[in-house]
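J.: Let me begin by handing over the structure; questions about it come next.
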Amino acid sequence: MMKDTNFDQKKAEAFSASMLDVLNKGAIALALSIGHRSGLFEAMAALPASTSQQIADAAKLNERYVREWLGTMVTARVVNYFPDTMIYQLPEEHARALTSSGDYNMASAMQFIPVLAGVEDKLLESFRNGGGVPYSEYPRFHEVMASESDQTTVAALEPFILPIVPGLKERLETGIDVLDVGCGKGRAMITLAKTYPNSLFTGYDFSEEGIEAAREEAKAARVTNLRFEVRDAANIGETEQYDLITSFDAIHDQADPAGMLRNIYKALRPNGVYLVQDITGSSHLENNLELPAGPWLYTISCWHCMTVSLAYGGAGLGAMWGEELAEKMMV
Ligand SMILES: C[S@@+](CC[C@H](N)C(=O)[O-])C[C@H]1O[C@@H](n2cnc3c(N)ncnc32)[C@H](O)[C@@H]1O
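All the letters of the sequence shown, read from the start, carry residue numbers 29 to 359 under our numbering.
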């Protein structure tokens with residue numbers, strides 16, 4: 029092998045160290061996800077500095093597992109440890125980012141890491157042979173997606189999303205027909221149906237699991253001005269039925285995104301509004317270098333968004349289809 033005379037030893041060592049940092053952070057992400065799902069963060073946030081036994085008791089968990097998990101949390105500097113008394117403390121500032129007490133629960137978002145890691149074998153087959161991995165292979169996808177949507181979509185509806193369209197809230201108050209395409213577990217429509225009882229809401233998704241969960245949540249919430257149906261976005265088959273159509277994070281992983289957009293256009297009444305929320309980014313990789321969540325977004329795209337589309341022989345746009353392509357497809 030020819031020796032590269034420009035080889036920079038310091039650069040190589042710094043890169044290796046950064047890879048160890050990645051390994052640690054991947055492990056921490058898994059531990060944060062368990063901390064969320066097991067209720068450990070909520071329990072610790074409600075406790076003063078406590079022993080592992082007290083924390084395990086409060087969260088109704090096995091102490092030995094909790095103690096090992098605390099080892100990750102302490103070495104990751106998420107939790108403070110006081111060795112003299114062997115007590116652990118979740119600082120309030122950290123609890124804000126890891127529980128429901130703050131604006132965005134990062135521990136909840138960490139659940140995506142194990143969900144994506146769960147399909148690695150199937151994904152590897154797609155790397156080798158093309159094709160994709162269908163939605164049904166991702167355990168807990170709809171549950172985790174709905175938790176994320178609660179934080180990024182449902183919570184943003186009133187303060188940020190609806191005000192984008194002048195007069196929309198007033199129209200919803202008066203009473204209009206609304207459709208959400210790719211509604212998942214339907215939390216956005218359920219929330220709007222509760223807020224705007226004079227409007228009628230519909231949610232379509234091709235996932236039976238998602239629609240069943242949406243119907244159950246609507247029933248539990250006792251909202252009656254909405255319906256959920258299993259329907260392929262590529263075959264909506266309705267003409268001038270809705271005043272407002274929404275899609276939240278639901279175009280780029282479609283098998284036929286162009287078909288979906290055509291159907292939405294057809295289903296809108298004259299003066300109807302299509303309101304769409306999708307991932308921030310450019311269609312051009314070089315413009316995304318400074319995106320704070322760049323690696324994460326390309327990863328979730330490759331592990332899920334692009335891949336579920338390709339599983340159905342679809343366009344495989346992926347999460348990073350970007351604003352430029354989105355604008356081109358919507359004019
Ligand atoms: C990323 S999830 C977003 C779900 C929901 N809008 C939210 O924000 O939580 C994309 C959704 O699109 C649905 N979907 C994908 N392809 C579809 C199709 N051809 N027809 C209808 N729904 C589809 C999936 O089942 C999934 O629920």
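No residue lacks a Cβ here, since even glycine has one placed at the ideal position from N, Cα and C.
1. Within this structure, are the beta carbons of GLN139 and ARG215 separated by less than 8 Å?
2. Please name the residue in ASN90, ALA74 and ALA73 whose C-alpha comes closest to that of GLN81.
3. Does the distance from the CB of SER275 to the CB of GLY210 come in under 8 Å?
4. Measuring only the C-alpha atoms, how far is VAL336 from THR33?
5. Check whether the Cβ atoms of LEU58 and VAL94 sit closer than 8 Å, and answer yes or no.
6. Please say whether LEU325 and MET357 have beta carbons closer to each other than 8 Å?
7. Distance, Cα to Cα, ASP205 vs ALA135?
8. Please name the residue, chosen from THR267, THR113 and ASN263, that lies closest to THR79 on a Cα-to-Cα basis.
9. Is it buried or exposed, ARG164, if we count other Cβ atoms within 10 angstroms and call 16 or more buried?
10. Any chance the CB of CYS330 is under 7 Å from a heavy atom of ligand 1?
11. Sort MET173, TYR232 and PRO320 by Cα distance to ILE292 and report the nearest one.
12. First and last residue of the beta strand (DSSP E) that includes ASN108?
13. Kindly examine ligand 1 and report whether one of its heavy atoms sits closer than 7 Å to the Cβ of TYR326.
14. Which residues in the same chain as GLU352 place their Cβ atom closer than 6 Å to its Cβ, once the five residues preceding and following it in sequence are excluded?
15. Over the uninterrupted beta strand (DSSP E) stretch that includes SER275, give me the two end residues.
16. Along the chain, where does the beta strand (DSSP E) containing ASN299 start, and where does it finish?
17. DSSP three-state call for LEU228: helix, strand or coil?
18. Roughly how many angstroms lie between the CA atoms of VAL172 and TYR166, to the nearest whole one?
19. Taking only heavy atoms of ligand 1 into account, decide whether any of them is closer than 7 Å to the Cβ of THR308.
20. Determine, using beta carbons only, whether VAL258 and ILE239 come nearer to each other than 8 Å.
21. If contacts are defined as beta-carbon pairs under 8 Å, then GLY106 and GLN117 qualify, I think. What distance do you get, rounded to the angstrom?
22. Give the range of the beta strand (DSSP E) segment to which ILE115 is assigned.
23. By Cβ distance below 7 Å, which residues in the same chain neighbour MET288 in space, the five residues on each side in sequence not counted?
24. Do the CB positions of THR127 and ALA73 come within less than 8 Å of each other?
25. Among the candidates LEU319, ASP36 and HIS332, whose CA atom is the shortest distance from the CA of GLU148?
26. Can you tell me whether LEU338 is helix, strand or coil according to DSSP?
27. With DSSP collapsed to three states, give me the class of ASP208.
28. Runs of 4 residues minimum, wholly inside the segment 147-222: which ones carry the alpha helix (DSSP H) assignment?
29. So, helix, strand or coil for GLU257, using DSSP?
30. Going by the beta-carbon positions, is the gap between ALA87 and ALA104 smaller than 8 Å?
31. Three-state secondary structure (DSSP) at ASP49?
32. Can you have a look at ASP131 and say buried or exposed, based on whether 16 or more other CB atoms are within 10 angstroms of its CB?
33. Helix, strand or coil: which one does DSSP assign to SER78?
34. Helix, strand or coil: which one does DSSP assign to ASP85?
35. Can you give the Cα-Cα distance for ALA286 and ALA45, rounded to whole angstroms?
T.: Put simply:
1. Judged by their CB atoms, GLN139 and ARG215 are not nearer to each other than the 8 Å cut-off.
2. ASN90
3. yes
4. 45 Å
5. no
6. no
7. 36 Å
8. THR113
9. The question names Arg, but residue 164 in the sequence shown is Ser. Flag for SER164 reads exposed.
10. no
11. TYR232
12. Its beta strand (DSSP E) spans residues 108-110.
13. No; taking the cut-off as 7 Å, the Cβ of TYR326 has no heavy atom of ligand 1 nearer than that.
14. Non-local C-beta neighbours of GLU352 in its own chain, meaning closer than 6 Å and more than five positions away in sequence, comprise SER311, ordered along the chain.
15. For SER275, the enclosing beta strand (DSSP E) begins and ends at 270-276.
16. First-last of the beta strand (DSSP E) with ASN299: 296-305.
17. strand
18. Straight through space, the alpha carbons of TYR166 and VAL172 are spaced by roughly 10 Å.
19. No, since every heavy atom of ligand 1 falls outside the 7 Å radius drawn around the Cβ of THR308.
20. Cβ atoms of VAL258 and ILE239: closer than 8 Å.
21. As written in the sequence, residue 106 is Val, which differs from the Gly given in the question. About 11 Å; that fails the 8 Å criterion.
22. That run of the beta strand (DSSP E) goes 115-117.
23. Hits under 7 Å: VAL209, ALA261, ALA262, ILE279 and GLN282.
24. yes
25. Of the listed residues, the one whose Cα sits closest to GLU148 is HIS332.
26. helix
27. For ASP208, the three-state secondary structure derived from DSSP is strand.
28. 148-157, 169-180 and 196-202
29. strand
30. No. Outside cutoff.
31. helix
32. exposed
33. Of the three classes helix, strand and coil, the one that applies to SER78 here is strand, per DSSP.
34. helix
35. 44 Å
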